[in-house]
Amino acid sequence: MHRELVWNLNSLCKHKTGLQEVTSLPDQLDEAANYIKKLQTKLEKMREKKSSLMGIENPNASTNSGMMMGYKPPQIEIHEIGSALEVVLITGLDCQFMFNETIRVLHEEGAEIVNASFTVVEDTVFHTIHSKVGDSALGYGATGISARLKKFVSDANAI
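Residue numbers (this note's numbering): 2 to 160.
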């Protein structure tokens with residue numbers, strides 16, 4: 002059993018050079034440890050890239066107070082006025098995906114976008130979306146859309 006585990010570990014770590022070198026068990030374990038460290042580094046780089054693509058700057062960068070620099074947790078304010086819905090989404094500069102997702106949710110729920118605009122103040126973006134809402138397929142209308150948008154923003158803050 003022990004030999005089979007060592008062979009499996011060795012086969013995962015060996016480079017496909019065609020030459021099979023005989024190495025000692027400590028050397029094989031060192032090679033495996035180095036391979037795992039390389040995978041960890043690669044995973045961390047992929048996480049950073051994912052964060053960057055999602056509009057979140059380096060989550061490991063922090064200020065002296067421990068707060069993340071360049072990241073503002075998104076906030077949403079929703080005002081229902083009859084069949085009209087005003088959505089104010091407040092984000093950092095690198096959170097364009099939040100606006101796109103908000104528009105997608107409104108569209109999926111059958112809301113008609115009447116107007117969308119944004120204002121940038123320093124490192125904060127205020128997106129304002131005006132839409133007309135009929136009764137959605139589920140019959141919830143503006144209330145259902147509001148709940149879905151608030152959940153989306155809440156989930157985004159949990160990342």
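Every residue, glycine too, gets a C-beta built ideally from N, C-alpha and C. This structure is a prediction, so every number in the text was calculated from the model and none was measured.
For residue i, three-class secondary structure by DSSP
i	result
residue 43	helix
residue 13	helix
Residue of the options minimising C-alpha distance to residue i
i	options	result
residue 1	35, 84 and 76	It is not possible to answer for residue 1, since the shown part of the chain is limited to 2 through 160.
residue 13	98, 96, 33 and 151	33
residue 94	111, 53 and 109	53
residue 175	157, 80, 45 and 48	Since the displayed the chain opens at 2 and closes at 160, residue 175 lies outside it and no answer follows.
residue 123	92, 31 and 107	92
residue 118	41, 126 and 50	126
Chain-order list of residues whose beta-carbon lies under 6 Å from that of residue i (same chain, five-residue window excluded)
i	result
residue 114	132
residue 80	87
Query raised in the report: Looking at C-beta atoms only, is the number of pairs between the stretch 82-97 and the stretch 142-152 that lie closer than 8 Å three or more?
Result: The stretch 82-97, when compared against the stretch 142-152, does touch it at the 8 Å Cβ threshold.
Report task. State whether the stretch 98-106 contacts the stretch 119-133, with contact taken as three or more CB pairs (one from each stretch) at a distance under 8 Å. Result -> yes
Requested in this report: Return the chain-ordered ranges of every beta strand (DSSP E) run that is complete within the stretch 84-117 and spans a minimum of 3 residues.
Outcome: Considered as a whole, the stretch 84-117 harbours 85-93 as its complete beta strand (DSSP E) runs of no fewer than 3 residues, in chain order.
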